[in-house]
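Under this note's numbering, think of the first position of the sequence shown as 1121, with each following residue one higher.
Don't be surprised by glycine CBs; every beta carbon is placed ideally from N, CA and C.
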Amino acid sequence: MKSCFLIILVSIFAVQCLNAQKEYSKNSLSFSIGPSIPVGSFAGTNLSNGSSGFAKIGESVNFSFDHRLNQHLVFTVMLSGQINRLNTNALKTQLSEYPFFADFSSIGTRHYSNWVVDKKSWCLESLQMGITEEIPFSNNDNLSFTGKILCGATYAQLPLISAQSFSDTSYATYIRRKASAFAFSYLAGAGLKYKFKRKVYFLFDLNYFGAAQFTFKNVQEGITATNEGINVPGIYSFANSVGPIVDDIRTGTVKQSIGSVIVNFGIELRL
């Protein structure tokens, strides 16, 4: 992270020196919103793989402050957030196929079906800064191509996974507790900027957002289930278990890399 910021600061200093005879004091504020499409392990749906994020397409929102260094280069500070819901359908399938209690020889491997999974979401909040370059199209001064590289820090919230399995002979719950962590992040992208009025611009951006591996510590995860059937059919409670309930609850570390393709549409106001 330190090296990234050092490169940005050196770039800003060099640009300012090269353009010392010119004065560029134009500032602007922008707002954009659009879909966030998870990629890689963030969108993975393998319960046996601890790096699978089970993330679905979500929403992204960005607020940016730009300070113009010269005609083409802009120093950008961006505050952004994105929400990606859990892929509950994939979780249901994986939970139904997962061999629970495989490490318990006295119990034996068990499978549970008919899972109901609560709807929860990944939440990310980022503060990043870097350089944006604007290059006008030669035949249309109102339309410009933009490219940007930003880096900074991201705060991520690991979503709670809460699921229940119901059958005629068993009842089970699976829970992974929520947690939070910080990690270094970066954004690289390109887009278009259209001058609608003297101080109003329309924006289109296609960005890739990536974050280093988040480390969520002390996360409790596991299953609790009835044993040897249930006494009264239709009553789903551990107190209704014929035998002593069984569980496999563990506390450990969850590591997750995050990557998203973000398509944003927005507006910029020159100050």
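Alpha carbon to alpha carbon, how far is residue j from residue i? Give it in angstroms, no decimals.
i	j	result
Phe1195	Ser1150	13 angstroms
Lys1317	Leu1263	12 angstroms
Pro1219	Ser1184	47 angstroms
Ala1308	Leu1270	6 angstroms
Asp1261	Ser1172	45 angstroms
Ile1251	Asn1338	37 angstroms
His1187	Ile1382	23 angstroms
Tyr1356	Thr1335	35 angstroms
Pro1364	His1231	18 angstroms
Lys1298	Tyr1321	40 angstroms
Ile1378	Gly1272	14 angstroms
Gln1277	Gly1178	15 angstroms
Ser1361	Glu1348	7 angstroms
Leu1189	Leu1389	17 angstroms
Val1197	Gly1164	31 angstroms
Lys1319	Ala1210	47 angstroms
Ala1222	Thr1208	24 angstroms
Lys1212	Gly1354	21 angstroms
Thr1229	Asn1182	47 angstroms
Phe1302	Ile1295	23 angstroms
Which whole-angstrom value is the C-beta distance of residue i and residue j, which I expect to be below 8 angstroms?
i	j	result
Ala1345	Ala1283	Contact flag wrong, Cβ pair sits at about 12 angstroms.
Ala1331	Thr1274	5 angstroms
Ser1246	Ser1200	5 angstroms
Ile1227	Val1352	So it is not a contact: roughly 23 angstroms between Cβ atoms.
Gln1248	Ser1305	7 angstroms
Ser1180	Ser1156	4 angstroms
Please list, in chain order, all residues of the same chain as residue i whose beta carbon is under 8 angstroms from its beta carbon, the five residues on each side excluded.
i	result
Leu1206	Phe1174, Ala1175, Lys1176, Val1237, Lys1239, Lys1240, Ser1241, Trp1242, Pro1279, Ile1281
Gly1170	Val1374, Lys1375
Thr1371	Asn1338, Val1339, Gln1340, Glu1341
Glu1143	Its pLDDT being 49, under 50, Glu1143 is placed unreliably in this model, and the coordinates cannot settle the point.
Tyr1328	Leu1307, Ala1308, Gly1309, Gly1379, Ser1380, Val1381, Ile1382
Trp1235	Leu1211, Lys1212, Leu1215, Ser1216, Ala1283, Gln1284, Ser1285, Tyr1294
Between residue i and residue j, is the Cβ-Cβ spacing less than 8 angstroms?
i	j	result
Leu1323	Ile1387	yes
Thr1289	Ile1343	no
Ile1153	Asn1384	yes
Val1159	Ser1380	yes
Asn1166	Gln1214	yes
Return the chain-ordered list of same chain residues with a C-beta closer than 6 angstroms to the C-beta of residue i, the five sequence neighbours on each side being excluded.
i	result
Gly1267	Glu1253, Ala1310
Ile1369	Gly1342
Lys1313	Ser1264, Thr1266, Tyr1321, Leu1323
Pro1256	Ser1264
Along the alpha helix (DSSP H) that carries residue i, what are the first and last residues, could you check?
i	result
Ala1210	1208 to 1217
Identify, in the order they occur along the chain, each residue of the same chain with its Cβ nearer than 7 angstroms to the Cβ of residue i, setting aside the five sequence neighbours on each side.
i	result
Leu1391	Asn1147, Ser1148, Leu1149
Ser1233	Ser1216, Ser1285, Ser1287
In terms of residue numbering, what span does the beta strand (DSSP E) encompassing residue i cover?
i	result
Ser1156	1147 to 1158
Arg1318	Looking at the DSSP string, Arg1318 is not in any beta strand (DSSP E), and its letter there is neither H nor E.
Phe1195	1193 to 1205
Tyr1294	1291 to 1296
Asn1283	The displayed chain sequence assigns Ala, not Asn, to residue 1283. Note, Ala1283: beta strand (DSSP E), 1281 to 1286.
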